[in-house]
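Residues 17 to 382, numbered by my numbering, are exactly what the sequence shown covers, in order.
We treat Cβ as the ideally placed atom computed from N, Cα and C, and that holds for glycine.
Keep in mind it's a predicted model, so treat the numbers as computed, not measured.
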Amino acid sequence: MCIFKEMEKNMKIKKILTIGLAVAMAVATMTGCGNTAGGNAGDTTGEASGEAAENQAEEKATEDAEEAGGETASGEAKWKLGYSSLAFFDEGCKRIADGFTDHEGEFPEFEISVLDGNSDINTQMENIDAFWTNDVDVIAIQAYPGIEANLKKFYEAGKPIIFVDFYPVITDDIKDMEWYYVGSGDYQMGCVQGEYLAEVLPENGKVCEVIINVGQKNSIDRSDGLHETLEKLRPDVEIIDTQPGLVDTTTTMNVVEDWLQRFGDDGIDAITSQSVASTAGIIEVLKAHNLTEDIYVVSGDETPETAQEWIGNGWLDATAYFDLQDMSVKAMEIAKECMNGNPPEQKEYLMERKIYTKDNLDEYGK
17 MCIFKEMEKN
27 MKIKKILTIG
37 LAVAMAVATM
47 TGCGNTAGGN
57 AGDTTGEASG
67 EAAENQAEEK
77 ATEDAEEAGG
87 ETASGEAKWK
97 LGYSSLAFFD
107 EGCKRIADGF
117 TDHEGEFPEF
127 EISVLDGNSD
137 INTQMENIDA
147 FWTNDVDVIA
157 IQAYPGIEAN
167 LKKFYEAGKP
177 IIFVDFYPVI
187 TDDIKDMEWY
197 YVGSGDYQMG
207 CVQGEYLAEV
217 LPENGKVCEV
227 IINVGQKNSI
237 DRSDGLHETL
247 EKLRPDVEII
257 DTQPGLVDTT
267 TTMNVVEDWL
277 QRFGDDGIDA
287 ITSQSVASTA
297 GIIEVLKAHN
307 LTEDIYVVSG
317 DETPETAQEW
327 IGNGWLDATA
337 YFDLQDMSVK
347 AMEIAKECMN
357 GNPPEQKEYL
367 MERKIYTKDN
377 LDEYGK
């Protein structure tokens with residue numbers, strides 16, 4: 017099965033080239049923060065004596081509540097969790113980030129902070145430093161490739177590290193660092209995209225592929241799943257070009273315009289995408305050229321609202337989907353187990369996607 021091959025590929029991770037994305041800088045946003053300060057002690061000896069007894073009782077109640085797991089007696093969060101998103105401007109990345117705040121009520125033991133990495137390595141480094149300064153107990157991150165070494169200080173301080181969505185780039189200087197990974201079956205995503213295309217493409221069909229970026233692990237695995245599935249099921253089908261869309265709508269639009277110039281309106285039967293932002297670019301160009309009914313578009317990870325619009329209007333033919341917030345919830349579950357003194361032995365968790373088309377669109381996101 018594809019998912020088992022995905023896990024095997026993850027165990028063989030090797031050094032990957034750092035990607036370079038050019039996007040507009042945005043203001044990083046923090047949510048879910050807030051500390052409370054204790055009150056002052058009384059001034060008189062009698063009051064001090066009475067308050068001392070009350071404080072002891074409160075401390076005991078707090079300890080009992082903490083041992084029970086989670087909140088203090090006053091309902092305050094016990095631990096801090098910081099999450100740095102790769103980029104809020106990407107719909108899929110934003111949904112993962114929102115998962116931490118949308119489900120925060122299920123984890124009252126955590127005070128959760130979420131920051132936008134803006135798809136910029138320097139911004140994400142600043143986020144990491146902010147979490148360190150704020151003394152978070154757990155850091156979760158949708159890591160910009162190449163930034164992983166900046167997390168070593170958390171490992172050395174005994175703080176759990178949870179990579180979300182993007183598999184970490186582990187270099188020699190951090191090869192002994194321990195971490196958790198919660199992501200999708202990237203190879204499996206490519207598999208189900210390939211299975212769909214194998215059913216609908218004409219004989220000797222031609223496919224163009226928009227990836228996230230060259231050398232990025234989730235791009236490699238998604239692409240491998242697509243290529244290997246088509247080679248197995250439809251050896252007559254040819255993937256005529258693969259280009260990075262850089263999780264950017266404008267970049268992808270330029271890529272698709274170039275393809276139409278090179279291969280002609282009738283020289284492409286399908287275009288696949290690895291990100292929602294790239295899919296938006298594909299759709300815009302095909303709409304402008306009145307080609308939405310002539311070229312299959314296969315994507316992944318749209319929100320239910322976006323999928324309803326794009327598939328419902330015939331702009332998108334199929335998408336590989338699971339609720340991205342499942343990753344957020346799993347990351348918080350791991351964080352809770354770690355902080356309760358029961359760190360999971362399993363280090364990697366993969367979620368599987370399913371193909372959705374107009375035929376099962378009513379099941380999307382449910």
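Three-pair Cβ contact test at 8 angstroms for the stretch 324 to 338 versus the stretch 347 to 360: no
Coarse secondary structure for Met355, derived from DSSP in three states: Along the sequence shown, read from residue 1 onward, the residue named residue 355 stands at position 339. Met355: helix per DSSP, three-state reduction.
C-alpha distance - Thr319 paired with Val292, whole-angstrom precision: Your numbering for residue 319 matches position 303 in the sequence shown. Your numbering for residue 292 matches position 276 in the sequence shown. Cα to Cα, Thr319 sits roughly 9 angstroms from Val292.
Residues bridged to Thr288 (per DSSP): Within the sequence shown, the letter at position 272 stands for residue 288. Its beta-bridge partners are Glu225, Val314.
Where Val185 falls: helix, strand or coil (DSSP): Locating residue 185 in the sequence shown gives position 169, counting from the first residue. Val185: coil per DSSP, three-state reduction.
Beta-bridge pairing of Gln259 - partner residues as DSSP gives them: Along the sequence shown, read from residue 1 onward, the residue named residue 259 stands at position 243. In DSSP, Gln259 forms a bridge with Val226.
Simplified DSSP assignment, three categories, for Glu79: Stepping through the sequence shown from its first residue, residue 79 is reached at position 63. For Glu79, the predicted model reports a pLDDT of 45, less than 50, meaning its position is unreliable and no value from the coordinates is stated.
For Thr308, three-class secondary structure by DSSP: Counting from 1 along the sequence shown, the entry for residue 308 is found at position 292. In this structure, Thr308 counts as coil in the three-state DSSP scheme.
Classification of Asp181 by the beta-carbon crowding that lies within 10 angstroms, buried from 16 upward: Mapped onto the sequence shown, residue 181 falls at position 165. Per the 10 Å Cβ criterion, buried.
Outcome for Asn376 when other beta-carbon atoms lying within 10 angstroms are tallied against a minimum of 16: Against the sequence shown, residue 376 aligns to sequence position 360. Answer is exposed; the Cβ neighbour count stays below 16.
Where the beta strand (DSSP E) through Leu377 begins and ends: For the purposes of this step, residue 377 is taken as the residue at position 361 of the sequence shown. Counting along the chain, Leu377 falls outside any beta strand (DSSP E), and DSSP gives it neither H nor E.
Opposing strand residues paired with Glu131 [DSSP bridges]: Here the question's residue 131 lines up with position 115 in the sequence shown. According to the sequence as given, residue 131 is Leu; it is not Glu. Ser100, per the DSSP bridge assignment.
Contacting residues, own chain, Cβ-Cβ under 8 angstroms from Asp106 (five flanking each side not counted): Here the question's residue 106 lines up with position 90 in the sequence shown. The answer, listed in chain order, is Ser135, Val263, Ser291, Val292, Ala293.
Element boundaries [alpha helix (DSSP H), containing Gly199]: Along the sequence shown, one-based indexing puts residue 199 at 183. Counting along the chain, Gly199 falls outside any alpha helix (DSSP H), though it belongs to the beta strand (DSSP E) covering 196 to 200.
Of the residues Ile177, Gly316, Thr308, Ile284, the one placed nearest Asn234, counting alpha carbons only: As a position in the sequence shown, residue 234 is number 218, starting the count at 1. Measuring from the Cα of Asn234, the nearest candidate turns out to be Gly316.
For Ala156, the residue or residues it bridges with in DSSP: Along the sequence shown, read from residue 1 onward, the residue named residue 156 stands at position 140. In DSSP, Ala156 forms a bridge with Tyr99, Ile178.
Buried or exposed by the 16-neighbour rule on C-beta atoms within 10 Å, applied to Thr308: Counting from 1 along the sequence shown, the entry for residue 308 is found at position 292. Thr308 should be labelled buried.
CB of Leu167 within 8 angstroms of CB of Ile186, strictly: Along the sequence shown, one-based indexing puts residue 167 at 151. Along the sequence shown, one-based indexing puts residue 186 at 170. No; because the gap between Cβ atoms is not below 8 angstroms, this pair is not in contact.
Minimum C-alpha distance to Glu142 - residue among Asp114, Ile163, Leu217: One-based indexing of the sequence shown puts residue 142 at position 126. Ranking Asp114, Ile163, Leu217 by Cα distance to Glu142 puts Ile163 first.
Beta-carbon proximity of Arg369 to Ala334, cut-off 8 angstroms: Position 353 of the sequence shown, counting from 1, holds the residue named residue 369. Position 318 of the sequence shown, counting from 1, holds the residue named residue 334. No, they are not a contact pair.
Closest by C-alpha distance to Asn358, when choosing among Val130, Asp281, Pro176: Taking the first residue of the sequence shown as position 1, residue 358 is located at position 342. Comparing Cα-Cα distances from Asn358 to each of Val130, Asp281, Pro176, the minimum goes to Pro176.
Helix, strand or coil at Glu107 [DSSP, three-state]: Translated into positions along the sequence shown, residue 107 becomes position 91. Looking at Glu107 - three-state DSSP - the assignment turns out to be helix.
Three-state class that DSSP yields for Phe126 in the structure shown: Stepping through the sequence shown from its first residue, residue 126 is reached at position 110. Strand, per DSSP.
Which residues DSSP lists as bridging Tyr396, in chain order: The first residue shown for the chain is 17 and the last is 382, placing residue 396 beyond what the model contains.
Contacts around Phe147, its chain only, beta-carbon distance under 6 angstroms, and the 5 residues preceding and following it disregarded: Working through the sequence shown from its first residue, we reach residue 147 at position 131. Excluding residues within five positions, the ones whose Cβ falls inside 6 angstroms are Gly98, Ile155.
From Thr268, Arg238, Arg250, Asn270, residue whose alpha carbon lies closest to that of Ser220: Numbered from 1 along the sequence shown, position 204 holds the residue referred to as residue 220. Rather than Ser, the amino acid found at residue 220 in this sequence is Asn. Checking every option, the nearest Cα to that of Asn220 belongs to Arg250.
As assigned by DSSP and simplified to three states, the class of Gly58: The residue you call residue 58 lines up with position 42 of the sequence shown. In this prediction, Gly58 scores a pLDDT of 36, lower than 50, which makes its location untrustworthy; the coordinate-derived value is nonetheless stated afterwards. Three-state DSSP puts Gly58 in coil, outside helix and strand.
Same chain only: Cβ atoms within 8 angstroms of Ile311, ignoring 5 sequence neighbours per side: If you number the sequence shown from 1, residue 311 lands on position 295. If we look at Ile311 and ignore the five residues flanking it on each side, its Cβ neighbours are Ile284, Asp285, Ala286, Ile287, Leu302.
Assigned exposure category for Thr149 - 16 Cβ within 10 Å defines buried: Counting from one through the sequence shown, the residue named residue 149 turns up at place 133. Thr149 should be labelled exposed.
Residues near Met205 by beta carbon distance below 7 angstroms, same chain, minus five either side: Within the sequence shown, numbered from 1, the residue matching residue 205 stands at position 189. Result list for Met205: Arg238, Gly241, Gly316, Ala336, Arg369, in chain order.
Sequence-distant residues of its chain with Cβ nearer than 6 angstroms to Thr295 (five each side left out): In the sequence shown, counting from the first residue as 1, residue 295 sits at position 279. If we look at Thr295 and ignore the five residues flanking it on each side, its Cβ neighbours are Ser289, Ser315.
Identity of the residues DSSP links to Leu336 by a beta bridge: As a first step, residue 336 is located in the sequence shown; it is residue number 320 there, counting from the start. Sequence inspection shows Ala at residue 336; the Leu mentioned does not correspond to that position. Bridge partners of Ala336: Gly316, Ile371.
Simplified DSSP assignment, three categories, for Glu254: Here the question's residue 254 lines up with position 238 in the sequence shown. Strand.
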